[in-house]
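Encoded as structure tokens, the structure appears first; notes follow it.
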Amino acid sequence: MSSLTEGSTTTGGEKTSWPELVGKSVEEAKKVILKDKPEAKIIVVPAGSIVTMDYQTDRVRLFVDTVAEVPIVG
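In full-length UniProt numbering, the protein residues as written are 1 to 74.
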């Protein structure tokens, strides 16, 4: 079983969340996410915002006040 600090992965081995980025700057978080998932469309969203529930495999929402929540694909 994976450690939370390693990030979650799908069965295909692609990373789908980045818990290690909580507390990091937006720019640092974007850099790490794009290294792991170059096709990601990173959407910066204020923490606590309402977002749509549709799932998009190329979207990563970055909830910020720095990074306040684990960035996840969807």
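All C-beta atoms in this analysis are idealised placements derived from N, C-alpha and C, irrespective of residue type, glycine included.
Taking the C-alpha atoms as reference points, what is the distance between residue i and residue j?
i: E20; j: A40; result: 17 Å
i: T57; j: G23; result: 24 Å
i: E27; j: I42; result: 11 Å
So, residue i versus residue j, is the Cβ gap smaller than 8 Å?
i: L62; j: V51; result: no
Mind checking if residue i is an interface residue toward chain D, Cβ cutoff 8 Å exclusive?
i: M53; result: Looking at the structure shown, chain D is missing, and only one protein chain is on hand.
Helix, strand or coil for residue i per DSSP?
i: I72; result: strand
i: F63; result: strand
i: I50; result: coil
i: V26; result: helix
Which word fits residue i, buried or exposed, when buried means at least 16 other C-beta atoms lie within 10 angstroms of its C-beta?
i: K29; result: According to the sequence shown, residue 29 is Ala rather than Lys. With 16 or more other Cβ atoms within 10 Å, it is buried.
i: A47; result: exposed
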